[in-house]
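What follows is a short report on a single structure.
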Amino acid sequence: MSTPPPVPDKPLHAAQKSSGGPARLVGALRYSAAGLRAAFRHEAAFRQELALGLPMVAFALWLHPGRVQTLMLVGSVVLVWVAELLNSAIEALADALSTEKHPLLGRAKDLGSAAVMLCLLFAGFTWAVLLWPWVVRA
């Protein structure tokens, strides 16, 4: 029979991690807002996608082709924003590690960029499919 591993004296999570409760929720909201501000301040691609996406969301809500269709239109735009935020996080982390060319850091950046591109294609396809009947009727 094997013996169980010893229990460490220190917690397994980082000291910066909160223990939970309402204070954790407030902190998480604060960090999220800081992330959105940083993306808006430092990421031109995020600002461009936001400038294009906000009117699209407003148009989808105004058009309201149905609950599911509206959700798909708005959701596809939000998906692009999420992918761009994750891509920006990967790029910031890669740049913090090294500003010199490194094949793995370059690959990480390329993969993040590919994820954004796929989300953009998906959003365009979603809007085309869902709005095509509306355009044909007009």
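Numbering (my numbering), first residue to last: 1 to 138. We treat Cβ as the ideally placed atom computed from N, Cα and C, and that holds for glycine.
Any 3 or more C-beta pairs closer than 8 Å across the segment 37-48 and the segment 19-29
Contact between the segment 37-48 and the segment 19-29 is absent: fewer than 3 CB-CB pairs across the two stretches fall below 8 Å.
Three or more C-beta pairs below 8 Å linking the segment 82-96 and the segment 114-129
With contact defined as three or more Cβ pairs closer than 8 Å, the segment 82-96 and the segment 114-129 are in contact.
Once you ignore the five residues that flank residue 65 on each side, which residues in its own chain have a CB closer than 7 Å to its CB?
Around residue 65, the same chain offers 130 and 134 as residues with beta carbons nearer than 7 Å, after the five sequence neighbours per side are excluded.
Among 101, 73 and 98, which residue has its Cα nearest to the Cα of residue 126?
Between residue 126 and the set 101, 73 and 98, the nearest pair of CA atoms involves 73.
Proximity to residue 47 [Cα-Cα], best of 59, 20 and 88:
It is 88.
Give a yes or no on whether the C-beta atoms belonging to residue 58 and residue 70 are separated by under 9 Å.
No, these two residues do not count as a Cβ contact at 9 Å.
With distance defined between alpha-carbon atoms, name the residue in 122, 3 and 137 nearest to residue 76.
Minimum Cα distance to residue 76 is reached at 122.
One question on the structure: do residue 109 and residue 128 come within less than 9 Å of each other, judged by their Cβ atoms?
Cβ distance not < 9 Å, so residue 109 and residue 128 don't count as in contact.
For residue 33 and residue 44, the rounded distance between their alpha carbons:
If you draw a straight line from the Cα of residue 44 to the Cα of residue 33, it comes to about 18 Å.
Hey, residue 105 and residue 111 are a contact pair by Cβ (cut 8 Å); roughly how many whole angstroms apart?
With a beta-carbon spacing of about 11 Å, residue 105 and residue 111 fall beyond the 8 Å limit used to define contacts.
Residue 20 to residue 102, Cα distance in whole Å?
Approximately 38 Å between the Cα atoms of the pair.
Is residue 65 helix, strand or coil when you go by DSSP?
Residue 65 falls in the coil class under three-state DSSP.
What does the alpha-carbon distance come out to for the pair residue 67 and residue 23?
When rounded, the distance between both Cα atoms is 35 Å.
Going along the chain, which residues of its own chain have a beta-carbon closer than 7 Å to the beta-carbon of residue 120, five neighbours each way excluded?
80, listed in sequence order.
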